[in-house]
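A.B. asks: Counting along the sequence shown from 1, when you hit position 32 you're at 32 in full-length UniProt numbering, and nothing is skipped either side.
Note that beta-carbon positions come from the ideal geometry of N, C-alpha and C, so glycine has one too.
Remember, it's a predicted structure, so these values are computed and weren't measured experimentally.
Okay, here's the structure, questions in a sec.
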Amino acid sequence: MSSAVAELEAGLQAMVQLRPPGVSGSRIQGLTNLCTQNIQQESALVQKLFIHFKKTPGTHKLGTLYVVDSVTRKWTEQAKIAGQTINSSAPDGTYAAGVHKVKELLPALMNDIIHTAPDDQKEKIRKIS
Numbered sequence: 001m002s003s004a005v006a007e008l009e010a011g012l013q014a015m016v017q018l019r020p021p022g023v024s025g026s027r028i029q030g031l032t033n034l035c036t037q038n039i040q041q042e043s044a045l046v047q048k049l050f051i052h053f054k055k056t057p058g059t060h061k062l063g064t065l066y067v068v069d070s071v072t073r074k075w076t077e078q079a080k081i082a083g084q085t086i087n088s089s090a091p092d093g094t095y096a097a098g099v100h101k102v103k104e105l106l107p108a109l110m111n112d113i114i115h116t117a118p119d120d121q122k123e124k125i126r127k128i129s
């Protein structure tokens with residue numbers, strides 16, 4: 001496992017130890033920067049985000065969703081700056097490929113979080129989706 005993927009995993013795991021939803025603005029920004037600086041590993045990073053989301057308790061899924069949202073927004077911005085088209089033929093290791101992969105997984109993530117999140121987080125989830 002590359003150091004960026006291991007660092008992302010450690011950052012995501014640390015979120016579970018915090019009070020729900022387990023995230024802060026600085027943590028989101030740090031993980032977003034990590035993913036942006038290591039875009040060449042986008043496939044492994046997206047996989048790590050998805051796996052972590054699926055195994056995270058319902059009380060902390062919103063925090064992971066905030067990270068996924070932030071990373072995807074930053075990658076979308078960077079893809080536009082680089083003139084990359086976001087679709088299934090985007091080359092691996094590019095911002096466009098990362099965004100496409102997240103968009104493919106997003107329906108499964110949203111379905112999962114809607115069924116498992118505490119009621120007091122549902123309004124925040126609606127604002128993201």
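(1) For valine 5, which residues from the same chain have a beta carbon less than 7 angstroms from its beta carbon, with the 5 sequence-adjacent residues on both sides left out?
(2) Please go through the UniProt domain "CID" (1-129) and give each complete alpha helix (DSSP H) segment of 4 or more residues, from N-terminal end onward.
(3) Suppose the cutoff is 8 angstroms on Cβ atoms and the five residues either side in sequence are ignored; what does the same chain contact list for leucine 34 look like?
(4) Isoleucine 28: buried (16+ other C-beta within 10 angstroms of its C-beta) or exposed?
(5) If we call anything under 7 angstroms between Cβ atoms a contact, is leucine 31 one with valine 67?
(6) Only counting the same chain, and skipping five residues up and downstream in sequence, which positions put a Cβ closer than 7 angstroms to that of valine 102?
(7) Is it buried or exposed for glycine 25, if we count other Cβ within 10 angstroms and need 16 for buried?
(8) To the nearest angstrom, how far is it from the Cα of isoleucine 51 to the Cα of lysine 61?
(9) Report the CB separation of histidine 100 from isoleucine 86 in whole angstroms; it is logged as a contact under 8 angstroms.
C.D. replies: The relevant details are as follows:
(1) Along the sequence shown, one-based indexing puts residue 5 at 5. Same-chain partners within the cutoff: Gln41, Ala44, Leu45 and Lys48.
(2) Secondary structure within the UniProt domain "CID" (1-129): the alpha helix (DSSP H) runs of 4 or more consecutive residues, fully enclosed, are 3-16, 25-37, 42-55, 61-81, 95-116 and 122-128 (chain order).
(3) Locating residue 34 in the sequence shown gives position 34, counting from the first residue. Ala4, Glu7, Leu8 and Gly11.
(4) Stepping through the sequence shown from its first residue, residue 28 is reached at position 28. So isoleucine 28 counts as buried.
(5) Within the sequence shown, numbered from 1, the residue matching residue 31 stands at position 31. Within the sequence shown, numbered from 1, the residue matching residue 67 stands at position 67. Taking 7 angstroms as the cut-off, the beta carbon of leucine 31 is found closer than this to the beta carbon of valine 67.
(6) Residue numbering aside, residue 102 sits at position 102 when the sequence shown is read from its first letter. So the qualifying residues of the chain are Val46, Val68 and Thr72.
(7) Residue numbering aside, residue 25 sits at position 25 when the sequence shown is read from its first letter. Exposed, since its Cβ has fewer than 16 Cβ neighbours within 10 Å.
(8) By one-based count along the sequence shown, residue 51 stands at place 51. By one-based count along the sequence shown, residue 61 stands at place 61. Cα-Cα distance, rounded: 11 angstroms.
(9) Translated into positions along the sequence shown, residue 100 becomes position 100. Translated into positions along the sequence shown, residue 86 becomes position 86. Yes, they are in contact, since the Cβ atoms of histidine 100 and isoleucine 86 sit about 5 angstroms apart, within 8 angstroms.
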